[in-house]
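J.: So in UniProt numbering, spot 84 of the sequence shown is number 84, and the numbers just go up one at a time.
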Amino acid sequence: MSPLISAQTLAAGLEKRTFCILDATALLPGETSNPDEAFLKAHIPGSLRFDIDLFSDPESTQPHTVPSAARFGRLFGALGINRATPVVFYDQGNTASACRGWWLARLFGHEQVFVLDGGLPAWQRDHHPTATGPAHQPTAQPYTARTHFSRVKGLGDMLDIVSGTVQPILDARSAARFYGEVPEPRPGLASGHMPDAFNLPYKTLLTENGHFLPAERIRDIFLELGLPQTTPAVTTCGSGMTASVLNVGLALAGFDEGALYDGSWAEWGATPDAPVTKGR
């Protein structure tokens, strides 16, 4: 099953009220808009806001890290979602937010979950209607999250992986950040990358309009990179957002969707004994 859904298919389902549609927009470093205000000005009719910071561990010192299963289930159910509900994530244009929502839902065992290919801009380019104002108030549903622990990695896991090179690591940051040629946008972090990691900037998998490339082309990109087909990859980035674009790409290309290092460079780059490599 493809992780993507087109604007045309979603529009057809909208008329039948088939999907729960969630705007998961969160800001990446350098972005300055207000996602909540933008939602009020234009959103897909019937959609709800999915606040990635709310769906995070409130006690973590790292940005938007994974919440407990109980917290996720309570908040997801409050959106009117049960385990049989087909869910579509979209965002206002950076792609990574919707993919992070998709990955979180997959992590907690929700199988019928999709990313709107191209996000809200694609919806608007296809001249589908948008709504304004606050979202409707859904009727809460009971939801029991079932964590797939194989889909997430922590610091200890990554230290073991790096020391033993047991799984390929895909880093979604820009080449300049990966090779330590520019400072990290978050202060106090080391520059560089994990030893033996592959650099695959997340935008490599996207068109200029924010659509995913065809599955066959994405598959070729992974193979040209040297990614093994038999061992699930682990994705990483700055804080666990853009890495999820690579997980969606893996699933789209027919690879195992792999795992995501939740702390990503925000954690690794702040850990004194974590090995770091620089240079090309």
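Quick reminder that beta carbons are idealized off the backbone N, C-alpha and C, glycines included.
Per DSSP, which residues does residue 23 bridge with? Please list them.
T.: Residue 23 is bridged to 49, 90.
J.: Quick one: what's got a C-beta closer than 6 Å to residue 20's C-beta in the same chain, skipping five residues either side?
T.: Taken in chain order, the residues that qualify are 81, 85, 87.
J.: Can you list, in chain order, the residues of its chain with a C-beta nearer than 6 Å to that of residue 122? Leave out the 5 residues immediately preceding and following it.
T.: Correct list, in chain order: 7.
J.: What span of residues does the alpha helix (DSSP H) with residue 171 cover, start to end?
T.: Residue 171 -> not in any alpha helix (DSSP H); beta strand (DSSP E) instead, spanning 169-171.
J.: Check residue 16 in the structure and name its three-state DSSP category.
T.: Residue 16 falls in the coil class under three-state DSSP.
J.: How is the alpha helix (DSSP H) around residue 54 delimited, first residue to last?
T.: No alpha helix (DSSP H) holds residue 54; DSSP gives it neither H nor E.
J.: Can residue 72 and residue 145 be called in contact, C-beta distance under 7 Å?
T.: Cβ atoms of residue 72 and residue 145: closer than 7 Å.
J.: Hey, would you say residue 95 sits closer than 7 Å to residue 245, going by beta carbons?
T.: Result yes, Cβ atoms of residue 95 and residue 245 sit closer than 7 Å.
J.: Let me know if residue 2 comes out buried or exposed under the rule of 16 or more other beta-carbons within 10 Å of its beta-carbon.
T.: So residue 2 ends up on the exposed side.
J.: Grab the span of the alpha helix (DSSP H) containing residue 225 for me, first residue to last.
T.: Segment 215-225, the alpha helix (DSSP H) holding residue 225.
J.: By the three-class DSSP mapping on this structure, what secondary structure does residue 143 have?
T.: The answer is coil: DSSP assigns residue 143 none of H, G, I, E or B.
J.: Any idea if residue 166 is buried or exposed, counting beta-carbon neighbours within 10 angstroms, 16 or more meaning buried?
T.: With fewer than 16 Cβ atoms within 10 Å of its Cβ, residue 166 is classed as exposed.
J.: Within 10 Å of its beta-carbon, does residue 47 have 16 or more other beta-carbons around it, so buried, or fewer, so exposed?
T.: With 16 or more other Cβ atoms within 10 Å, it is buried.
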